[in-house]
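Reviewing the structure listed below.
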Amino acid sequence: MFLVEIAALSAATCWAVGSIVSVMPVERLGTIGFNRVRMIIVFAMLGSYVTIFGGWETIQKDQIAEIMLSGFIGILLGDTALFATMNRLGPRRTAILFSTNAPMSTLLGWIFLDEALPPTALLGTILVISGVILAIVYGKRRDQLHKWEAIKGPLIVGVGIGLIAALGQSVGSLIAKPVMASGADPFAVSAMRVGITALGLVILCSAPVQAFKLKTKLDSQIIAHIVISGFLGMFVGMTLILYALAKGDVGIVATLSATTPVIMLPMMWFRTKERPAIGAWIGAIIVVIGTGLIFMG
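Structure below.
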């Protein structure tokens with residue numbers, strides 16, 4: 002009883018913990034370097050799982066190009082932008098910005114796939130945008146001094162990169178949707194998407210550009226954080242959400258899994274010893290309500 006709801010909330014919790022765990026290695030390695038190491042580790046996890054338990058055979062040859070394009074846009078560009086946002090705006094603002102992928106996916110599905118766009122979805126989109134603005138503009142008190150609440154560089158640039166991350170996630174999912182609908186194994190598709198991302202990042206990091214290099218050498222602490230981040234965020238979290246979507250109502254699952262920004266707030270409170278501002282709480286809750294309206298419409 003309530004296994005679907007528990008799975009969806011657990012997935013949101015995994016993503017919240019994974020984001021917080023990622024902060025340190027992103028700062029120390031740099032965005033590109035961190036994402037390269039993370040994708041290699043996650044590909045090893047997913048590839049091993051699919052090879053042992055099967056799933057490669059569910060992918061057709063004519064689907065490979067779509068999967069690669071989906072991985073390039075959704076993970077290579079989207080995830081890199083996501084962690085670049087985290088480096089600039091911290092985990093709380095990044096999580097709230099990334100939640101805009103819900104209305105983006107709905108609008109893209111309406112434009113390109115002729116999917117229905119009921120009035121409740123439009124209302125939900127407005128609520129998500131309003132919640133994001135509220136959480137960013139009024140989400141920090143003046144007495145909050147922890148570096149996770151600091152903004153590096155212009156705020157508008159960080160917000161723009163965060164929206165690009167959300168858009169990359171939405172477009173990548175849109176491209177992969179027909180592949181998933183054909184019955185392809187989700188783990189095999191994810192492994193291929195992560196694999197092409199890892200390959201792209203390895204090639205990118207081989208270029209003689211300092212920004213693409215690791216800012217510091219890998220050590221056991223950094224590697225442990227990356228492994229935990231990848232395992233929770235892209236393996237356990239994904240498994241739980243797939244189970245929830247297979248067994249439960251998509252609207253309920255989407256709403257519960259969108260609670261990541263809310264779940265993250267008490268975690269940050271515990272970690273930083275600074276109580277989040279009321280605007281952060283209200284904005285995050287409005288985002289969850291908006292996401293629920295989008296997928297329940």
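First residue of the sequence shown: 2, per the working numbering; consecutive thereafter.
Positions of the beta carbon are idealized from the N, C-alpha and C atoms, including for glycine.
Here the structure is a predicted model, which means the values were calculated and not measured.
Out of 237, 187 and 217, state which residue places its alpha-carbon closest to the alpha-carbon of residue 57.
Taking the first residue of the sequence shown as 1, we reach residue 57 at position 56. Out of 237, 187 and 217, 187 has the C-alpha closest to the C-alpha of residue 57.
Counting Cβ pairs closer than 8 Å, one from the region 155-175 and one from the region 101-110, do we hit at least three?
Taking 8 Å as the limit for Cβ pairs, the verdict is that the region 101-110 does touch the region 155-175.
For residue 71, I'd like the list of residues in its chain whose CB is within less than 7 Å of its CB, leaving aside the five on either flank, ordered along the chain.
The residue you call residue 71 lines up with position 70 of the sequence shown. Here the set comprises 173, 176, 177 and 194.
Report the CB separation of residue 265 from residue 20 in whole angstroms; it is logged as a contact under 8 Å.
For the purposes of this step, residue 265 is identified with residue 264 of the sequence shown, where counting begins at 1. For the purposes of this step, residue 20 is identified with residue 19 of the sequence shown, where counting begins at 1. Rounded, the Cβ-Cβ distance is 7 Å, consistent with contact.
Just to confirm my understanding: we take residue 34, look at its own chain, exclude 5 residues before and 5 after, and list those with CB closer than 6 Å. What are they?
For the purposes of this step, residue 34 is taken as residue 33 along the sequence shown, with counting starting at 1. If we look at residue 34 and ignore the five residues flanking it on each side, its Cβ neighbours are 215.
Indicate, with yes or no, if the ligand GTP has a heavy atom lying under 7 Å from the CB of residue 104.
Annotation note on the ligand GTP: not contained in the displayed structure, which lists no ligands.
Name the residue from 43, 6, 146 and 219 whose alpha carbon lies nearest to the alpha carbon of residue 276.
In the sequence shown, counting from the first residue as 1, residue 276 sits at position 275. When only C-alpha atoms are compared, the closest one is 146.
What distance in whole Å lies between the Cβ atoms of residue 206 and residue 37, which are believed to be in contact at a cut-off of 8 Å?
Working through the sequence shown from its first residue, we reach residue 37 at position 36. Working through the sequence shown from its first residue, we reach residue 206 at position 205. Going by Cβ atoms, the distance from residue 37 to residue 206 rounds to 5 Å, so yes, they are a contact pair.
Applying the 10 Å Cβ sphere with the 16-neighbour rule, what's the burial state of residue 163?
Numbered from 1 along the sequence shown, position 162 holds the residue referred to as residue 163. By the 10 Å Cβ count, residue 163 comes out buried.
Are the CB atoms of residue 239 and residue 171 within a distance shorter than 8 Å?
Against the sequence shown, residue 171 aligns to sequence position 170. Against the sequence shown, residue 239 aligns to sequence position 238. Going by C-beta atoms, residue 171 is not nearer than 8 Å to residue 239.
For residue 184, which of helix, strand or coil comes out of DSSP?
Position 183 of the sequence shown, counted from the start, is the residue given in the question as residue 184. Residue 184 falls in the coil class under three-state DSSP.
Closer than 6 Å by C-beta to residue 69: which residues in its own chain qualify, once you throw out the five before and the five after it? Chain order, please.
Sequence index remark: in the sequence shown, residue 69 carries index 68 (1-based). So the list reads 197, once near-sequence residues are dropped.
Taking only runs of the alpha helix (DSSP H) that begin and end inside the region 128-207, which ones reach a length of at least 4 residues, in chain order?
156-182 and 187-206, all fully within the region 128-207.
Quick check: residue 13 and residue 261, are their CB atoms within less than 8 Å of each other?
Reading the sequence shown from its first residue, position 12 is the one you call residue 13. Reading the sequence shown from its first residue, position 260 is the one you call residue 261. Result yes, Cβ atoms of residue 13 and residue 261 sit closer than 8 Å.
Do residue 133 and residue 98 come within 8 Å of each other at the CB atom, strictly closer than that value?
Here the question's residue 98 lines up with position 97 in the sequence shown. Here the question's residue 133 lines up with position 132 in the sequence shown. It is a contact, given that the beta carbons lie within the stated cut-off.
Give me, in chain order, the residues of the same chain whose beta-carbon lies closer than 7 Å to that of residue 81; leave out the 5 immediate sequence neighbours on both sides.
Mapped onto the sequence shown, residue 81 falls at position 80. 32, 33 and 36, listed in sequence order.
Are the beta-carbon atoms of residue 153 and residue 89 separated by less than 8 Å?
The sequence position of residue 153 within the sequence shown is 152, counting from 1. The sequence position of residue 89 within the sequence shown is 88, counting from 1. Yes.
Output the boundary residues of the alpha helix (DSSP H) element that contains residue 84.
For the purposes of this step, residue 84 is identified with residue 83 of the sequence shown, where counting begins at 1. Run containing residue 84: 79-99, per the alpha helix (DSSP H) assignment.
How about residue 22 and residue 229: do their beta carbons lie closer than 8 Å?
The residue labelled residue 22 in the question sits at position 21 within the sequence shown. The residue labelled residue 229 in the question sits at position 228 within the sequence shown. A contact, by the Cβ cut-off of 8 Å.
Hey, residue 330 and residue 129 are a contact pair by Cβ (cut 8 Å); roughly how many whole angstroms apart?
Given that the chain is displayed from residue 2 to residue 298, the structure contains no residue 330 and the question cannot be resolved.
Can you tell me whether residue 64 is buried or exposed? The criterion is at least 16 other CB atoms within 10 Å of its CB, across all chains shown.
Position 63 of the sequence shown, counted from the first residue, corresponds to residue 64. Flag for residue 64 reads buried.
Can you tell me which of the three DSSP states residue 260 falls into?
Locating residue 260 in the sequence shown gives position 259, counting from the first residue. Note: residue 260 maps to coil in three-state DSSP.
Please classify residue 208 as buried or exposed, where buried requires at least 16 other C-beta atoms within 10 Å of its C-beta.
Position 207 of the sequence shown, counting from 1, holds the residue named residue 208. So residue 208 ends up on the exposed side.
Could you give the DSSP three-state label for residue 299: helix, strand or coil?
Nothing about residue 299 can be read from this structure; the chain reaches only from 2 to 298.
Would you identify the three-state DSSP class for residue 278, choosing helix, strand or coil?
Position 277 of the sequence shown holds residue 278. Three-state DSSP puts residue 278 in coil, outside helix and strand.
Please classify residue 288 as buried or exposed, where buried requires at least 16 neighbouring CB atoms within 10 angstroms.
For this step, residue 288 is matched to residue 287 along the sequence shown. Under this definition residue 288 is a buried residue.
So, using beta-carbon positions, are residue 247 and residue 60 closer together than 8 Å?
For the purposes of this step, residue 247 is taken as the residue at position 246 of the sequence shown. For the purposes of this step, residue 60 is taken as the residue at position 59 of the sequence shown. No; because the gap between Cβ atoms is not below 8 Å, this pair is not in contact.
Return the CA-CA distance between residue 211 and residue 91, expressed in angstroms with no decimal places.
Here residue 211 refers to the residue found at position 210 when the sequence shown is read from its first residue. Here residue 91 refers to the residue found at position 90 when the sequence shown is read from its first residue. Cα-Cα distance, rounded: 23 Å.
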